[in-house]
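**Student:** Here the sequence shown is numbered in the UniProt record's numbering, starting from 1 and rising by one per residue. Backbone N, C-alpha and C fix where the C-beta goes; we use that ideal spot for every residue, glycine too. Keep in mind it's a predicted model, so treat the numbers as computed, not measured.
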Amino acid sequence: MTSIDVRRAAPADDLLIADLRRAWTEENHGGPVDDPGFEERFAAWADRERDQRITWLAVAGEQPVGMLNMLVFERMPWPGQGGAVDRPGSWGYVANVYVRAEQRNAGIGAQLVAACVEHADSNRFARIVLAPSERSVPFYGRLGFRPAADLMVRPSPHP
Numbered sequence: 001m002t003s004i005d006v007r008r009a010a011p012a013d014d015l016l017i018a019d020l021r022r023a024w025t026e027e028n029h030g031g032p033v034d035d036p037g038f039e040e041r042f043a044a045w046a047d048r049e050r051d052q053r054i055t056w057l058a059v060a061g062e063q064p065v066g067m068l069n070m071l072v073f074e075r076m077p078w079p080g081q082g083g084a085v086d087r088p089g090s091w092g093y094v095a096n097v098y099v100r101a102e103q104r105n106a107g108i109g110a111q112l113v114a115a116c117v118e119h120a121d122s123n124r125f126a127r128i129v130l131a132p133s134e135r136s137v138p139f140y141g142r143l144g145f146r147p148a149a150d151l152m153v154r155p156s157p158h159p
């Protein structure tokens, strides 16, 4: 198997991400989805969302094989917080985690989540939340997430 490189996506990767999104949709629909304007709409969406989302790509050689998208929420400052940078502030909402079917069960999804968690931890996020599919609950559980009402949350490791 070709080695997998997980990296943060750049604007130049928008079409690669759109291709993964299309593959995911077509997999769920059981075949091709006729939507010739999708890539343009995706690029416009990516431009609008770029300042508040981080996407990671898993690439085998030149071929994109997986992605993870995290929406970053900046918490509103509160009185008494001062300029403290040691208190968790942001939190992330993980969405759009996808690995091509032929590449699944090889640890790629875990690599994508690990990259996201590393970013959140190094930036002292208060939490990461996600809304898992029934099938993905055990996967996220193995990676340190736990149920929280109808979501799952990974609390910050920082006191």
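Nearest by alpha-carbon distance to R100: which of G66, D47, V113, V72 is it?
**Tutor:** As a working mapping, residue 100 is identified with position 100 in the sequence shown. Per the Cα distances, G66.
**Student:** So, with DSSP's three-state summary, where would you put F145?
**Tutor:** Position 145 of the sequence shown, counted from the start, is the residue given in the question as residue 145. Three-state result, F145: coil.
**Student:** Have a look at N123 and S133 and give me their C-alpha separation to the nearest angstrom.
**Tutor:** Position 123 of the sequence shown holds residue 123. Position 133 of the sequence shown holds residue 133. Going from the Cα of N123 to the Cα of S133 covers about 27 Å.
**Student:** Which of the three DSSP states, helix, strand or coil, is assigned to T2?
**Tutor:** Mapped onto the sequence shown, residue 2 falls at position 2. Reduced to three states, the DSSP call for T2 is coil.
**Student:** With 16 other CB atoms within 10 Å as the buried threshold, where does D14 fall?
**Tutor:** Indexing the sequence shown from 1 puts residue 14 at position 14. Under this definition D14 is a buried residue.
**Student:** With distance defined between alpha-carbon atoms, name the residue in A18, G89, I54 nearest to P159.
**Tutor:** Translated into positions along the sequence shown, residue 159 becomes position 159. Closest option to P159, Cα to Cα, is G89.
**Student:** When you compare only the Cα positions, how much space is there between G144 and G30?
**Tutor:** Locating residue 144 in the sequence shown gives position 144, counting from the first residue. Locating residue 30 in the sequence shown gives position 30, counting from the first residue. Cα to Cα, the separation comes out at about 32 Å.
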